[in-house]
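As you go down the protein sequences, you meet chains A and B in turn. Take the first sequence: its letters are residues 22 to 438, numbered as in my numbering. Take the second sequence: its letters are residues 22 to 438, numbered as in my numbering. Before any comments, here is the structure.
Number of protein chains: 2
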Amino acid sequence: MSSEVESKCRAAADAARELSNVSAAAKNIALNAMGEALLKSAKVILDANSVDISAADKKGMSKTLIDRLALDGKRIQSMAEGLSVVAKLPDPIGEVISEFKRPNGLKIKKIRVPLGVIGIIYEARPNVTVDSAALCLKAGNAVVLRGGSDAINSNIAIAKTISSGAYSAGIPEGSIQLIEDTRRETAEEFMRMRQYIDVLIPRGGAGLIKSIVENSRIPTIETGEGNCHAYVESTADLKMASDIVFNAKVSRPSVCNAIETLLVDEKIAAKFFPIILNRLEQAGVEIRGDKRTRDIYPAAKSATEQDWATEFLALIIAVKVVSGVDEAIEHINRYSTKHSETIVTGDKKAAEKFTSRIDSAAVYVNASTRFTDGGEFGFGAEIGISTQKLHARGPMGLNELTSYKYVVQGSGQVREK
Amino acid sequence: MSSEVESKCRAAADAARELSNVSAAAKNIALNAMGEALLKSAKVILDANSVDISAADKKGMSKTLIDRLALDGKRIQSMAEGLSVVAKLPDPIGEVISEFKRPNGLKIKKIRVPLGVIGIIYEARPNVTVDSAALCLKAGNAVVLRGGSDAINSNIAIAKTISSGAYSAGIPEGSIQLIEDTRRETAEEFMRMRQYIDVLIPRGGAGLIKSIVENSRIPTIETGEGNCHAYVESTADLKMASDIVFNAKVSRPSVCNAIETLLVDEKIAAKFFPIILNRLEQAGVEIRGDKRTRDIYPAAKSATEQDWATEFLALIIAVKVVSGVDEAIEHINRYSTKHSETIVTGDKKAAEKFTSRIDSAAVYVNASTRFTDGGEFGFGAEIGISTQKLHARGPMGLNELTSYKYVVQGSGQVREK
Chain A
22 MSSEVESKCR AAADAARELS NVSAAAKNIA LNAMGEALLK SAKVILDANS VDISAADKKG
82 MSKTLIDRLA LDGKRIQSMA EGLSVVAKLP DPIGEVISEF KRPNGLKIKK IRVPLGVIGI
142 IYEARPNVTV DSAALCLKAG NAVVLRGGSD AINSNIAIAK TISSGAYSAG IPEGSIQLIE
202 DTRRETAEEF MRMRQYIDVL IPRGGAGLIK SIVENSRIPT IETGEGNCHA YVESTADLKM
262 ASDIVFNAKV SRPSVCNAIE TLLVDEKIAA KFFPIILNRL EQAGVEIRGD KRTRDIYPAA
322 KSATEQDWAT EFLALIIAVK VVSGVDEAIE HINRYSTKHS ETIVTGDKKA AEKFTSRIDS
382 AAVYVNASTR FTDGGEFGFG AEIGISTQKL HARGPMGLNE LTSYKYVVQG SGQVREK
Chain B
22 MSSEVESKCR AAADAARELS NVSAAAKNIA LNAMGEALLK SAKVILDANS VDISAADKKG
82 MSKTLIDRLA LDGKRIQSMA EGLSVVAKLP DPIGEVISEF KRPNGLKIKK IRVPLGVIGI
142 IYEARPNVTV DSAALCLKAG NAVVLRGGSD AINSNIAIAK TISSGAYSAG IPEGSIQLIE
202 DTRRETAEEF MRMRQYIDVL IPRGGAGLIK SIVENSRIPT IETGEGNCHA YVESTADLKM
262 ASDIVFNAKV SRPSVCNAIE TLLVDEKIAA KFFPIILNRL EQAGVEIRGD KRTRDIYPAA
322 KSATEQDWAT EFLALIIAVK VVSGVDEAIE HINRYSTKHS ETIVTGDKKA AEKFTSRIDS
382 AAVYVNASTR FTDGGEFGFG AEIGISTQKL HARGPMGLNE LTSYKYVVQG SGQVREK
């Protein structure tokens with residue numbers, strides 16, 4: 022007898038073959054039907070959610086985490102609206118990416134197709150269940166979802182609701198699967214389902230991503246770890262620099278596109294530090310500086326080697342004085358997770374050097390790193406931000422959930438050798 | 022002290038950062054210099070090769086395998102010519118793939134960049150050392166090569182020659198690395214060098230690919246396993262069908278784009294089998310048929326379940342009668358390795374159904390599967406044929422050895438929430 026994991030993965034693979042040929046119109050109708058189903062089943066979902074919340078309370082889960090887990094009418098409404106946003110996005114499938122004719126008369130078309138089956142492993146936020154399913158479905162992929170145990174009752178109720186909504190609107194049955202057994206062994210089993218799952222996307226913290234990279238036999242896209250940097254170059258407009266650094270650190274410190282380290286050119290450090298470090302401290306940010314920073318700004322704590330490599334995800338910033346753009350680049354390429362970095366500068370040459378030499382998914386000149394986001398890039402939605410270079414880099418929208426195939430039209434051509 | 026594997030991978034990663042900014046002109050000069058170095062060191066390389074050949078002889082290696090391993094003046098000449106072909110290809114790096122402006126004024130460019138460091142694991146053919154290094158270098162990537170033990174003396178001589186040639190022409194030292202210790206443990210160590218290697222590409226048989234998929238912690242591109250099919254539909258021009266099937270099976274049976282299974286529509290099987298199966302048998306092909314095939318063509322052996330799933334890479338063909346395009350599609354999607362398939366048909370609707378429903382990298386109408394090849398597709402060269410859907414599918418040329426990054430030009434933009 023096959024396990025829950027295997028039978029659900031296989032069912033998704035069977036459904037994927039049908040789903041890849043479903044029209045854009047049919048997928049959009051289904052997405053809207055899924056949203057309506059969510060609104061109609063709001064009570065069932067909220068009841069299930071309250072079971073999760075009670076269990077979390079009993080376990081002593083922190084307020085912040087409980088807030089991520091909790092649903093209410095407004096959040097369900099917003100999940101339903103998210104579905105209609107995805108319905109309105111252009112369908113990527115069937116696009117002729119390129120087309121060429123060979124001297125022997127073969128006509129080759131490179132056509133965008135779904136990836137097939139996408140596995141998503143995520144933690145406690147139940148809205149991930151909805152938006153992952155929506156994006157995968159829109160790009161013609163079946164999805165197997167494996168959420169964390171803390172949200173399991175909510176996830177079961179949501180998955181049941183949206184999959185019934187989708188199937189009643191004609192989406193092939195089996196296209197949306199949720200693994201209900203949340204023991205660690207089933208996650209590991211899931212990561213080995215290579216014959217059914219085409220790509221695995223973890224949506225969660227560094228620990229989850231590391232475990233998947235270590236254990237997965239399925240091609241994986243690493244997402245979301247962001248040890249991001251701002252470098253304020255000697256010719257920077259210091260008011261602009263202060264606004265960018267402050268925004269990148271303080272506007273939402275718990276997200277991956279917030280900065281963790283500030284590098285400042287030695288020529289302006291004495292002038293810039295009082296402006297920015299006071300402003301950050303007043304906003305509650307803890308400053309951890311290298312020796313030269315502390316010489317200028319003695320209120321700073323001492324930064325350790327470990328601090329340069331840490332994604333704080335909190336109101337903490339590591340600060341270092343550098344001799345110029347070369348040292349800034351060297352520091353960033355050494356410690357960065359290759360997510361997002363920015364230079365604030367008035368010097369075109371320094372900007373060019375920075376953007377060409379920094380090896381990160383998104384490299385900014387005179388703007389906040391906080392813009393690394395599918396919505397802000399105009400992709401309409403995102404399933405995550407890739408920090409690897411294979412397949413997709415940076416914000417991943419619908420196109421990044423697709424592959425392609427070559428369709429070759431001949432008239433009897435054979436190859437000589 | 023770090024091992025050979027680790028120190029070479031780290032050196033490649035250091036070199037890769039420099040290499041990513043080397044100009045097209047400098048890379049092309051280096052590729053030509055590598056070719057000249059090969060010709061100049063021909064004697065040293067041939068001497069090293071003869072050591073490998075003697076060892077292979079002593080081991081009792083088969084003639085075919087020794088032929089793959091053996092070098093002579095002509096083969097070295099042809100490796101040098103391959104380098105000058107790669108030098109002439111357009112440089113993919115720096116291409117602006119797309120460019121867009123956001124309502125807030127941010128200008129976003131998606132720019133093609135190298136992947137970084139590419140690991141190649143391969144078997145006995147020493148020419149792979151040259152052409153892998155050339156393609157990786159042209160696309161701005163450092164490369165770490167790990168060839169099989171049978172060719173180790175040849176590989177050391179070749180790698181030394183081409184890397185000296187490249188470095189003397191200004192390529193950053195360390196860009197081309199060969200792991201000289203060919204024990205199994207070092208291969209496994211290599212597959213874990215995730216912090217230095219961005220992608221691992223196996224070039225070899227199914228066994229090698231399976232071992233890498235099982236053991237690698239580095240993103241991998243599966244290449245080259247080809248259980249390919251031809252389906253002759255009821256409206257096919259039987260002369261064309263015979264030529265295509267014969268070409269796809271017989272012209273070079275040991276390669277991945279040769280077919281292994283022939284599916285024939287029941288309406289034409291009685292007419293087509295005598296034509297094609299006699300022709301194949303006369304060329305030395307062993308026919309393994311299902312019951313309906315054997316009823317029409319009693320000389321066929323009996324095909325087993327295993328035969329449908331086998332990449333014979335030899336003059337053997339499995340043959341099955343099917344009821345129409347639906348059964349053909351079902352059979353192929355079940356047994357295929359998703360490499361290349363062809364339909365021979367006069368019916369546009371059948372062709373459309375086949376090309377849209379078959380989930381393989383290259384799907385042909387009225388042409389031989391043997392065209393799935395970087396050169397035949399006009400890519401100028403190829404590093405392998407991907408049978409997975411992540412990152413690259415089908416023939417992989419220079420573009421498939423690249424990633425991209427987003428360069429975002431602002432004027433002080435910050436994000437509201």
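Glycine included, every Cβ here is placed at the ideal spot set by N, Cα and C. Given the structure is predicted, the values throughout are model-derived calculations rather than measurements.
What do you reckon, are the CB atoms on residue i and residue j nearer than 8 Å?
i, j, result
"Ala290 (chain B)", "Val365 (chain B)", "no"
"Trp329 (chain A)", "Thr363 (chain A)", "no"
"Ala91 (chain A)", "Thr182 (chain A)", "no"
"Lys292 (chain A)", "Ile280 (chain A)", "no"
"Ala160 (chain A)", "Pro111 (chain A)", "no"
"Ile118 (chain A)", "Val220 (chain A)", "no"
"Lys130 (chain B)", "Lys122 (chain B)", "no"
"Asp93 (chain B)", "Ala172 (chain B)", "no"
"Lys322 (chain A)", "Val346 (chain A)", "no"
"Ser407 (chain A)", "Ile218 (chain A)", "no"
"Met212 (chain B)", "Asn387 (chain B)", "no"
"Ser389 (chain B)", "Ile265 (chain B)", "yes"
"Ala36 (chain B)", "Gly195 (chain B)", "yes"
"Leu136 (chain B)", "Ser424 (chain B)", "yes"
"Val522 (chain A)", "Cys157 (chain A)", "The requested residue 522 (chain A) is not part of the displayed model; chain A covers only 22 to 438."
"Thr358 (chain A)", "Asn278 (chain A)", "no"
"Ile141 (chain B)", "Ile230 (chain B)", "no"
Mind checking who residue i pairs with in its DSSP beta bridge?
i, result
"Lys322 (chain A)", "A:Arg309"
"Glu120 (chain B)", "B:Lys130"
"Leu86 (chain B)", "Beta-bridge pairing links Leu86 (chain B) to no other residue."
"Gly140 (chain A)", "A:Val165 and A:Leu221"
"Met417 (chain A)", "A:Gly405"
"Ala251 (chain B)", "B:Leu283 and B:Thr363"
"Ala388 (chain B)", "A:Gln434"
"Pro135 (chain A)", "A:Thr423"
Please confirm if residue i has its CB atom under 8 Å from at least one CB of chain B.
i, result
"Asp311 (chain A)", "no"
"Gly399 (chain A)", "yes"
"Pro240 (chain A)", "yes"
"Ala251 (chain A)", "no"
"Ala34 (chain A)", "no"
"Ala279 (chain A)", "no"
"Arg146 (chain A)", "no"
"Ser272 (chain A)", "yes"
Residue i touches chain A at which residues, Cβ-Cβ below 8 Å?
i, result
"Ala382 (chain B)", "Lys426 and Tyr427"
"Val234 (chain B)", "Arg215 and Arg238"
I think residue i touches residue j, with their Cβ atoms under 8 Å apart; what is that distance to the nearest whole Å?
i, j, result
"Arg238 (chain B)", "Val234 (chain A)", "6 Å"
"Arg167 (chain B)", "Ile200 (chain B)", "4 Å"
"Ala402 (chain B)", "Val107 (chain B)", "6 Å"
"Ile87 (chain B)", "Ala77 (chain B)", "5 Å"
"Arg391 (chain A)", "Arg436 (chain B)", "4 Å"
Give a yes or no on whether the minimum CB-CB distance between residue i and chain A is below 8 Å.
i, result
"Ile129 (chain B)", "yes"
"Leu60 (chain B)", "no"
"Asn268 (chain B)", "yes"
"Asp219 (chain B)", "yes"
"Ser23 (chain B)", "no"
Please list the partners that residue i has in chain A, where partner means a Cβ-to-Cβ separation under 7 Å.
i, result
"Tyr385 (chain B)", "Val429 and Gly431"
"Ser377 (chain B)", "Asn42"
"Ser389 (chain B)", "Gln434, Val435 and Arg436"
"Ser189 (chain B)", "What Ser189 (chain B) touches in chain A: nothing, since even the nearest Cβ is about 25 Å away."
Give the residues of chain A in contact with residue i, contact being defined as C-beta atoms less than 9 Å apart.
i, result
"Pro223 (chain B)", "Within chain A, no residue comes near Pro223 (chain B); the closest Cβ sits about 14 Å away, beyond 9 Å."
"Leu136 (chain B)", "Lys410 and Leu411"
"Asn354 (chain B)", "Arg38"
"Phe121 (chain B)", "Phe398 and Gly399"
Can you pull the chain B residues whose beta carbon is under 7 Å from the beta carbon of residue i, in chain order?
i, result
"Met261 (chain A)", "Gly433"
"Ile139 (chain A)", "Here the premise fails: no neighbours, minimum Cβ distance about 10 Å."
"Asp78 (chain A)", "Per Cβ cutoff of 7 Å: no residues; Asp78 (chain A) is ~28 Å from chain B at best."
Given that residue i touches chain B, what residues does it touch there, using C-beta distances under 9 Å?
i, result
"Gly415 (chain A)", "Lys131, Tyr425, Lys426 and Tyr427"
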